[in-house]
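Enquirer:
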Amino acid sequence: MMASSYNAKEEDGHHSGASGPGGGAAVKSKKPDNTAFKQQRLPAWQPILTAGTVLPAFFVIGLIFIPIGIGLFVTSNNIKEFEIDYTGTDMSSPCFNCSQNFSWNSTTPCKCSVSFSLDQPFESNVFMYYGLSNFYQNHRRYVKSRDDSQLNGDKTSLRNPSKECEPYRTSDKKAIAPCGAIANSLFNDTLDLFYIDPNGNRTRIELMKKGIAWWTDKHVKFRNPGGNNLNLTAVFQDTSKPVNWRKPVYELDTDQENNGFINEDFIVWMRTAALPTFRKLYRIIQRKNSMTPTLPRGNYTLEVTYNYPVRSFEGRKRMILSTISWMGGKNPFLGIAYITVGSVCFFLGVVLLIIHQKYGNRNNSADIPN
Amino acid sequence: MNVRVGDIIKLENNQFVAADLLLLSSSEPHGLCYIETAELDGETNMKVRQSLSVTSELVDPYNLAQFDGEVICEPPNNKLDRFCGTLYWRESKYGLSNQNMLLRGCVLRNTESCYGLVIFAGPDTKLMQNSGRTKFKRTSIDRLMNTLVLWIFGFLVCMGVILAIGNAVWEKEVGSLFQSYLPWDPPVDNFLFSAFLAFWSYVIILNTVVPISLYVSVEVIRLGHSYFINWDRRMFCQRRNTPAEARTTTLNEELGQVEYIFSDKTGTLTQNIMTFNKCSINGHAYGEVIDTLGAQSKRGQPLDFSFNPLADSDFCFYDQTLLDSVKLGEPPVHEFFRLLSLCHTVMSEEKSEGELVYKAQSPDEGALVTAARNFGFVFRSRTPSTVTVQELGRPVTYTLLAILDFNNIRKRMSVIVRNPEGKIRLYCKGADTLLFERLHPCNQDLMNVTSDHLNEYAGDGLRTLALAYRDLSEQQWEDWAERHRGAERATDCREDRLAAVYEDIEQDMMLLGATAIEDKLQEGVPETIAILSLANIKIWVLTGDKQETAVNIGYSCKMLTDDMSEVFLINGHTVQSVREDLRKARERMMESARSRDGGKEEEMEGWAEGCSLGNGFGSGAGGVGGGGGAGGADWQQQENKQPDPTPPPLPPSTLLDSISGEYALVISGHSLAHALEADMEQEFLDTACACKAVICCRVTPLQKALVVELVKKHKKAVTLAIGDGANDVSMIKSERHPAHVRLGIGEGGTEGAGISAHIGVGISGQEGIQAVLASDYSFSQFRFLQRLLLVHGRWSYLRMCRFLCYFFYKNFAFTMTVYDQYFITLYNIVYTSLPVLAMGIFDQGIYTSVVLFFVPYGVLSQAARNDGIPLADYQTFAVTVATSLVIVVSVQISLDTGYWTAINHFFVWGSLGAYFTILFTMHSNILFSIFPNQFCFAGSAQNTLGQPVVWLTIALATVVCIVPVLAFRFLKLDLKPQLSDTVRYTQLVRQKKRKPGGRGGRGASGGAGGLGGGALGRLGRAGSRRSGYAFAHQEGFGELITSGKNMRLSSLALATFASRHSSSWIDTLRKKKQQQGPGQPSGGESSPASIPTAPLSTSSSLLGPQDVPAEEPAHTPLGPAYSSAVTPTLARSPGADSTGGWAISLGAVQEALFGWRGVGARVSGASSPGPPPIAEESSLAE
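Protein sequences, first through last, are from chains A and B. Numbering of the first sequence is given in UniProt numbering, commencing with residue 1 and proceeding in unit increments. Numbering of the second sequence is given in UniProt numbering, commencing with residue 1 and proceeding in unit increments.
1. Counting only C-beta atoms, is K31 (chain A) closer than 8 Å to chain B at any point?
2. Since I262 (chain A) and N224 (chain A) are thought to touch, with beta carbons under 8 Å apart, how far apart are those beta carbons, to the nearest angstrom?
3. Is H674 (chain B) closer than 8 Å to V575 (chain B) when the C-beta atoms are compared?
4. For L356 (chain B) versus R380 (chain B), is the C-beta distance shorter than 8 Å?
5. Should K210 (chain A) be flagged as near chain B, meaning a C-beta pair shorter than 8 Å?
6. Would you call the CB atoms of L63 (chain A) and L334 (chain A) closer than 8 Å?
7. Are any of the Cβ atoms in chain A nearer than 8 Å to that of L251 (chain B)?
8. Using a beta-carbon distance below 8 Å, is C936 (chain B) in contact with chain A?
9. For N925 (chain B), decide whether its Cβ has a neighbour in chain A, counting only Cβ atoms nearer than 8 Å.
10. Is it right to say W200 (chain B) is buried, meaning 16 or more other beta carbons lie within 10 angstroms of its own, or is it exposed?
11. In the DSSP assignment, find the alpha helix (DSSP H) that holds P363 (chain B) and state where it starts and stops.
12. Give the DSSP-derived three-state secondary structure of H923 (chain B) in the structure shown.
13. Kindly indicate if chain B contains any beta-carbon less than 8 Å away from that of Q357 (chain A).
14. Establish whether the CB of S19 (chain A) and some CB of chain B are separated by less than 8 Å.
15. According to the neighbour-count rule (16 or more other Cβ atoms, all chains shown, within 10 Å of its Cβ), is T254 (chain A) buried or exposed?
16. With DSSP as the reference, label G669 (chain B) as helix, strand or coil.
17. Indicate whether at least one CB of chain A lies closer than 8 Å to the CB of Q786 (chain B).
18. Terminal residues of the continuous alpha helix (DSSP H) containing T50 (chain A)?
19. Secondary structure at Y308 (chain A), three-state DSSP: helix, strand or coil?
20. Classify R143 (chain B) as buried or exposed, calling it buried when 16 or more other Cβ atoms lie within 10 Å of its own Cβ.
21. Using a cut-off of 8 Å between C-beta atoms, extract the partners of L971 (chain B) located in chain A.
22. At a Cβ threshold of 8 Å, is F328 (chain A) touching chain B?
23. Verify the contact flag: L521 (chain B), CB atom, against every heavy atom of the ligand MN, threshold strictly below 7 Å.
24. Rounded to whole angstroms, what is the Cα-Cα separation between H453 (chain B) and A360 (chain B)?
25. Which residues mark the beginning and the end of the beta strand (DSSP E) in which Y427 (chain B) is found?
26. In terms of residues, what are the limits of the alpha helix (DSSP H) holding A468 (chain B)?
27. Please report the straight-line C-alpha distance between N307 (chain A) and R283 (chain A), rounded to a whole angstrom.
28. Going along the chain, which residues of the segment 473-484 of chain B sit with their C-beta nearer than 7 Å to a C-beta in chain A?
29. I'd like the list of long-range same chain contacts for S113 (chain B), defined as Cβ closer than 8 Å, with 5 residues on each side in sequence excluded.
30. Residues of chain C with a CB under 9 Å from the CB of I61 (chain A): which are they?
31. Please determine, among B:V169, B:P211, B:F236, B:E36, the residue with the shortest C-alpha to C-alpha distance to K810 (chain B).
32. In the structure shown, what three-state DSSP assignment does C689 (chain B) receive?
33. Quick one: Cα of T35 (chain A) to Cα of N230 (chain B), how far?
34. By how many angstroms is the C-alpha of D504 (chain B) removed from the C-alpha of I403 (chain B)?
35. Along the chain, where does the alpha helix (DSSP H) containing C98 (chain A) start, and where does it finish?
36. Does the segment 544-558 of chain B come close enough to the segment 320-339 of chain B that 3 or more CB-CB pairs lie under 8 Å?
See below:
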């Protein structure tokens, strides 16, 4: 396997008549140019699958993949994750009532609290997710039902949203802001977490709602109309709130940095999931100091303001707590896959080696004496 | 120029006849004119045409303008040898025949000018009636592509239906419940309608599987290949200054699949130049050193004929001993050349003193007379009754008493002359078989020696003639002359009586010696044919020439060899006899095939012996050529078809296919006419295709086309027709089924060379342009065919196949993944069942897309970034999958590329680079801020590709996709390598070996290649006699000469004598023609039928230089097939000057085919230091 240059001497070395010496009387030769390209003899490298290259490749792949896989698997196992379903489909479930009595028009929010206990303390930052199942955020019509230029603060789009948003484009002859099915179906349960210490005291756990969206989304993709105008009420005047929403977009949060289109919960929701079972980052629980774990083991209560109906399509709602590592969240699949592929490669290498030794006959014939 | 029917046009010497003309008058006496019809029917001898005597006086334009005759004739037709019509002029009727016609495409020769009346013009001419229409040609790859695209379209519709059903189910089961968040569009209020819409959306979305751009890409690739053909210096003819030209771009890859080649003879295989090459005088052989190939060192300088002022400077002879003998005055030598200078029908013309021009009606006769001229016996002039010869500077005039003319049965001609001393002598030259019977018994010893020489000459493919003389006493002559006159005067059975009279006098002759004339083949023809037949390509020669000529050429270009089991001659004139002949031929083949099956064991042993004995190249080609029915269109399939050592008993029909070569078929035009009839064509085809070589002689242009068509129709094989003249045009583009590939050789002969001196004239001489214009490829030498087929054809074919596979793969992988990601889970079920649907070449694509979907799916569905944000949003997913796809596809194409040039590197790395560049651009903030709706992926690329998990996923997906492919290929390569793989591998090994040893091998390997070529030509000692009087001769010329009719008045001493009995000769000629029919295939006495049946050592041979003792006893027939097949490549190792062992085992026949192509392909392009050379390459390398 090596590049080798062509020896031009093998050609007849005759230069074309046009450039030939003393060409005055010479008839113009039609002889094609003697260039490597035209004569199809560019220097080239001919890779060839030989036992000497393929078998080591298999072993090397195996030897690289298995350690990586083990590393990934161990890392993944060290990540702590806790998941609780609060949909309330069971009679016994605390949220059963809320899920049964849901109506879009009720003014008083239904609240329920779910208690659970953590067996192990959660060190370092803990990430709190909400998870939905059977929710087709990846449906073609759903995915495109948004207006990115409206979300980017474009004034004309604000008043006159894209047709893609139908049927959530206008209501009462006023443009909906934000328009579209995605925005309309914004997840609006409120989750609160309380630690119940052994004495029975409830301690509210502080949940950070900033930093849960991509930086580019928050600062580039999503912008409030009117630029730095802090009076969002005026900006969104003449628009209507999405049908399912309880309050308009400019009242999502009191913090002006997190209100309107740049509300991070909203941004997270707008980044549609690829699969019908998905989780989205809800809050971050920051570690306070290095001495105590962020979430010590013990009993907790999850207080849910139950606003989001999923019973109609047999959806499920979950709350997930997780720590992360360098490679992200808990992900046993990757490690197992790496180990598997690595082993298969190694095994294949062995099998091929045996086959090659036993039946491979090329080497015998290749060394025919000259 | 607007030639219309009724015009009278004037033609000058060497001009093409522009339309079918009625000859009115000519500058020659008696309204004679000479034409050459090579362009029309391939016959090279000159023909005579004569005008009606009433019109022959119309010489000056004024009289011609007054001509007001009326011609009534047959409608336009394609019969070249027949015309019938009537001329009404001045109240009388004159019958018109073909003898009065000049057909379009003929060339006027030896006639200053003539006038003709246009009878047919334009498309009505017989030439045009013989040619067909052009038709757009498609290659088999095109057809495959079309079917594939149709299948893919069907697949697309199926996918659409399945997905629509999936959609309906989903909308009904899930979507209807999900309406609170995603209501149905107002007009689409039920799931069925939604499914209907979904069907169309999927058809549109998935349309990328239908490779529309494929057609464009394929055309671009073909265009590139065409340019490579045009640029190929190895197909450039220095002498004619003509590069090869691909006149069409669409057929390149078809070149790699050619199985049958139909070749013209004259001008294509041969140069149509005869040279006097060797002779045997009085038991002494001269001229032995001549050999066009190899033997350069022994050859020495051409003889110096400067002592002879009348010598022809173009004549070359290399054996000094002959000239010495002449100078020493050895009587037999003198007599030998005297005979050559006297016994012929050549006309001479002396334009100025010492500048002789001979007009020979056949080129071989011209060659003989020219030889005598150079050796000092210069034929200067003749009158009807004398011949003047300059014998070593001394003019001698012989009285010409009689010419005993040539005909096909006699196969000899004699003259009876009286020398100035008054002695009467008969000189005879003719086919040795016939001549030897008529020798005086005292010649026995000399005859044996000469016979050996003749065998030798015949083995070299030379045309031989034996020469003899007889002294006659005055009395004998008088008696005979009396009987001769009586026979001449006879009205009935004139021929028979004359023949008997001739027979009488041609007795008890004394043998002088023999001549050997080489019908000069084009450069490299035997090698090319050998290599092509190694590649299992069958070559059929279709020629207008006579049987003997064609067979001789067949031998000299190694199509026919003495090692062949049998050469079947079919020249019956009736349906029955042809059928009978064909049946017999087949029976013979079947018989031997059966007996061969029986005697398999012995044969195998014999094979091993043959291997070590090295009985020459011929059998090598035979062993290979016989190896199977159709050649390499489908190698895989062919491999299975190979006759392995113990083939299962085959039914008779397939038995014919499996017959192991070594047969040849020679069929004449008459028989061919019967054989091509509907009820017999299958029979003919079966027989012919079982033969290794087929020669059809005396065929008309239309028959050429019919033969090509026949093979095309029944054989499903790719055919190629190659020819040079207008008579090949119909074959080149035959009417209903044009040959798949048409080739025109830019043929010009000596004229071509002359033409290229004038600047700006087209690529070919005058003769070839018609064929070139009708052709798809044109070049100027037959041997370039080898490179065109085996190098360019193979490359194009392989590249195209690889391209197609990759293209389909790429399209499928692309469509199935990139679009899926938007809808994936929706149709999970559908996609998991997809592999079931996967078929044929698509399974790999499907596999890849499934992997590319499910691996990221598995990983990302649970993964989160290292800042806690989940990765499972669809934009991330999209970027991951797309990136994996691009990387996998790139790796895949890297695996497919066998040959990495800078351009490949550029494009592979470039496309990866371009992908990332475009990705980041599309996902950039700037573009988003300008067009927020179009570039909604803002930021995805950096957010996604910054994650280690994503890269781990991509790596995983790539490995999962590639590892099975890699393992599979390795297994295939390791366990069942094709020869090309092996060749590459051994090259690699050798390169590695050589590296420490220095670079000495380069030049040597070229030399070693030369050996291959050199060896080919010189082999093949013949054990048989097949010499013949192969003159392209017509009888009647003797009479023409003695009558003095063709003498110019100026040079004619006895003008009155000429006019006296001017009537008879043409009539005689006509009578003979009518009796014999237009063509006269001779009886096969001297034909190759007498070849002793060679032992059935069909299976193998040793092909190598003679002087190399055979080595490698290891190549036993039972060894692994390719181990011996590899040998040709390995044998040419650098440094080893003459390596042996070109053994090709029976089982490896197909491998060899592949290998040769492989070798050819790899070599010429491969810049490896020691390319396994092909003969052609090495010969050019000097």
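The C-beta atom is built at its ideal place from N, Cα and C for all residues, glycine as well.
Expert: Looking at the atomic coordinates:
1. yes
2. 6 Å
3. yes
4. yes
5. no
6. no
7. no
8. yes
9. yes
10. exposed
11. 363-374
12. coil
13. no
14. In this prediction, S19 (chain A) has a pLDDT of 36, which is less than 50 and means its spatial position is unreliable; nothing more can be read from the coordinates.
15. exposed
16. helix
17. no
18. Unbroken run through T50 (chain A): none, as it is neither H nor E.
19. coil
20. exposed
21. L352, I355
22. This sequence places Gly at residue 328 (chain A); Phe is not what is there. Closer than 8 Å: yes.
23. This structure simply doesn't include the ligand MN, nor any ligand for that matter.
24. 27 Å
25. 424-430
26. Segment 463-472 is the beta strand (DSSP E) holding A468 (chain B); no alpha helix (DSSP H) there.
27. 18 Å
28. none
29. K10, L11, E12, N13, S26, S27
30. Checking the listed chains, one finds no chain C in this structure; the protein chains it contains are A and B.
31. B:P211
32. helix
33. 13 Å
34. 14 Å
35. 96-100
36. no
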